[in-house]
Amino acid sequence: MSTLLALDTATEACSVALLHDGKVTSHYEVIPRLHAQKLLPMIQQLLADAGTTLQAVDAIAFGRGPGAFTGVRIAIGVVQGLAFALDRPVLPVSNLAVLAQRAFREQGVSQVAAAIDARMDEVYWGCYRETLGEMRLVGAEAVLPPEVAALPADATGDWFGAGTGWGYGERIAVNLSGSDAGMLPHAEDLLTLARFAWERGEAIPADDAQPVYLRDKVATPKAR
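Shown next as structure tokens:
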């Protein structure tokens, strides 16, 4: 049975989760600006509590964004450092998907409009539907003004709004069955998505781990 480690630092929350011997354990804290100091000790504590070591880990999953620039970089740096040292592959997971998966776990909703506050009067946006326990992207993820956010063209039924982007809710022209604008990504849900990806053989070399910011002017250097 595989042992998978998951970590996320893309938002104000810092969390880690572990699948070992078929059991899932996790640790979650909302600690803005303390991720760099707290992440490795959290991983060490999680492994110790599960009675295992990093050497037992088969792959490392991480929140690849979108989210805070610094937070996403912290996750990539730690994951690459660990994966290189262990010679293990990695599993990048969208933070919008993680939000949708958390909403499914906690609220039992099968259609989620995930939104993260992107600052600069914009939101990171993605719509997800549940299929066999996995929240899957419908359409594309984007960064856009709240007024432009919309459900997929074929959307029917109830949709739930998850994430800090719903702080702009009065400016998003989407009817919801409910929402949680305080919801942040949790590594437990990242781990769930990573398990699906692992079973499909989607792990990649640590060299190929890349952040996803969606906002091109941040993610790419200006042409000279």
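My numbering numbers the first residue of the sequence shown as 138 and each following residue consecutively. We treat Cβ as the ideally placed atom computed from N, Cα and C, and that holds for glycine. Bear in mind the structure is a predicted one, so any value in this text is a computation, not a measurement.
*Any idea if M272 is buried or exposed, counting beta-carbon neighbours within 10 angstroms, 16 or more meaning buried?*
With 16 or more Cβ atoms within 10 Å of its Cβ, M272 is classed as buried.
*Could you work out which residue in Q347, E336, S139 is closest to I211 when comparing CA atoms only?*
Q347
*asked:* If the criterion is Cβ atoms closer than 8 Å, does the pair G208 and L327 meet it?
replied: no
*Note down the Cα distance separating P283 from Y305, rounded to an integer number of angstroms.*
7 Å
*Between I213 and the rest of its own chain, which residues show a CB-CB distance below 8 Å, the 5 nearest in sequence each way excluded?*
The answer, listed in chain order, is F199, R201, A346, Q347, P348.
_Reduced DSSP secondary structure (H/G/I, E/B, other) of T293_ = Here DSSP, grouped into helix, strand and coil, assigns T293 to coil.
_Distance, D186 Cα to P358 Cα_ = A caution first: P358 carries a pLDDT of 39, below 50, which makes its placement in the model unreliable, though a value can still be read off. Taking the straight line from one Cα to the other gives about 43 Å.
_Simplified DSSP assignment, three categories, for T329_ = helix
*Return the chain-ordered ranges of every alpha helix (DSSP H) run that is complete within the region 196-251 and spans a minimum of 4 residues.*
206-223, 232-244
*asked:* On the CB-based measure, 16 or more other CB atoms within 10 Å of its CB, does E259 come out buried or exposed?
replied: buried
*Would L321 be called buried (16 or more neighbouring beta carbons within 10 Å of its own) or exposed?*
buried
*Could you name the residues of the same chain whose beta carbon sits closer than 7 Å to that of Q217, not counting the 5 residues immediately before and after it, in chain order?*
A343, A346
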